[in-house]
Amino acid sequence: MEDNRLTIKRWAEEDRPREKLLLKGKASLSEAELIAILIGSGNTEQTAVELSQHILSQCEYNLANLARLSVKDLQKFKGIGEAKAISIVAALELGRRRKESEPSKKIKITSSHDAFQVLQGDMMDLNHEEFWLLLLKRNNEVIKKEMLSRGGVSGTVVDAKIIFKRALEETASGLILAHNHPSGNLKPSQEDINLTKRLKEAGRSLDISILDHLIITDHSFFSFADEGLL
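Numbered according to the working numbering, the sequence shown spans residues 16 to 245.
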């Protein structure tokens with residue numbers, strides 16, 4: 016039986032994303048055309064580009080929204096099987112990792128915005144809450160960043176003993192705490208405020224300073240230090 020799907024090979028040559036990329040360069044392609052290259056073919060009613068446009072329309076033409084979709088979410092679109100869904104998820108993850116990859120030079124934190132930039136790539140596009148640490152030298156140079164715990168949509172468990180154990184192991188003099196709010200709400204909860212106070216007090220006896228606590232969303236952040244809550 017003939018496969019009647021509208022594949023890339025059946026399009027006019029000027030409409031083929033792969034050929035367009037070779038002839039005109041990657042920057043000439045729309046986001047839908049780039050996704051079409053990943054999925055290769057559409058369905059019985061749509062070309063790969065049309066299917067990609069439909070998927071983007073359901074994500075408000077926002078790649079950050081697309082990156083939040085799971086393999087199972089993507090499979091709900093007609094013509095997207097597991098292999099195609101995995102290709103899309105993998106490509107977006109590569110893009111995220113490229114954005115958050117750090118230069119080889121040492122990074123020094125001089126403001127809350129510096130800390131946000133270091134952590135943003137790790138904490139964006141998440142549908143669950145994560146708690147991260149930045150471990151710093153006395154001159155505020157980053158020793159390392161580390162995810163401490165992962166939780167659900169509304170919270171994650173934070174163990175003070177583990178936080179300071181990691182700080183002592185790395186001989187860190189300062190810590191910046193960070194967690195994300197998947198809801199996009201930047202307002203700290205009372206639990207966030209109480210936790211920050213407890214950790215600050217615990218750090219004093221070990222001569223380890225809590226320099227800030229950031230609440231992070233995909234594009235913005237709230238700083239306890241900037242708002243006078245430390």
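Yeah, the Cβ is synthetic: ideal placement off N, Cα and C, and Gly gets one too.
- Is PHE98 helix, strand or coil by DSSP? Here residue 98 refers to the residue found at position 83 when the sequence shown is read from its first residue. According to the sequence shown, residue 98 is Ala rather than Phe. Residue state, collapsed to three classes: helix.
- Query: Bridge partners of LYS87, per DSSP?
  - Reply: Here residue 87 is taken as the residue at index 72 of the sequence shown, counted from 1. Paired residues: none, contrary to the question.
- Message: Give me the residue from ILE191, ARG113, GLY218 and LYS215 with the minimum Cα distance to PHE237.
- Response: Taking the sequence shown and counting its residues from 1, the one referred to as residue 237 is at position 222. Measuring from the Cα of PHE237, the nearest candidate turns out to be ILE191.
- Task: Could you tell me which residues DSSP pairs with LEU190 in its beta bridges?
- Result: By one-based count along the sequence shown, residue 190 stands at place 175. According to the DSSP secondary-structure assignment, LEU190 is paired through a beta bridge with LEU150 and ILE225.
- Query: Can you name the start and end residues of the alpha helix (DSSP H) that MET138 belongs to?
  - Reply: Residue mapping note: residue 138 aligns to position 123 of the sequence shown, counting from 1. Start and end: 127 to 138.
- Minimum C-alpha distance to ILE158 - residue among LYS123, ALA42 and LEU201: Counting from 1 along the sequence shown, the entry for residue 158 is found at position 143. Nearest option by C-alpha distance: LYS123.
- From the DSSP output, which residues share a beta bridge with ILE231? Here residue 231 refers to the residue found at position 216 when the sequence shown is read from its first residue. ILE231 is bridged to ASN195 and PHE236.
- Query: Alpha carbon to alpha carbon, what distance is there between LYS215 and ILE103?
  - Reply: What you label residue 103 is simply residue 88 of the sequence shown in a count that begins at 1. What you label residue 215 is simply residue 200 of the sequence shown in a count that begins at 1. Taking the straight line joining both Cα atoms gives about 42 Å.
- Starting from LYS159, follow the alpha helix (DSSP H) in both directions and report where the run begins and ends. Taking the sequence shown and counting its residues from 1, the one referred to as residue 159 is at position 144. Not the alpha helix (DSSP H): LYS159 falls in the beta strand (DSSP E), residues 157 to 165.
- Query: In whole angstroms, what separates the C-alpha of ASP227 from that of ARG83?
  - Reply: Walking along the sequence shown from the start, residue 227 turns up at place 212. Walking along the sequence shown from the start, residue 83 turns up at place 68. Near 28 Å, if we compare the C-alpha coordinates of ARG83 and ASP227.
- Task: Label ALA98 either buried or exposed according to how many other C-beta atoms from any shown protein chain fall within 10 Å of its C-beta, with 16 as the threshold for buried.
- Result: One-based indexing of the sequence shown puts residue 98 at position 83. Exposed is the call here.
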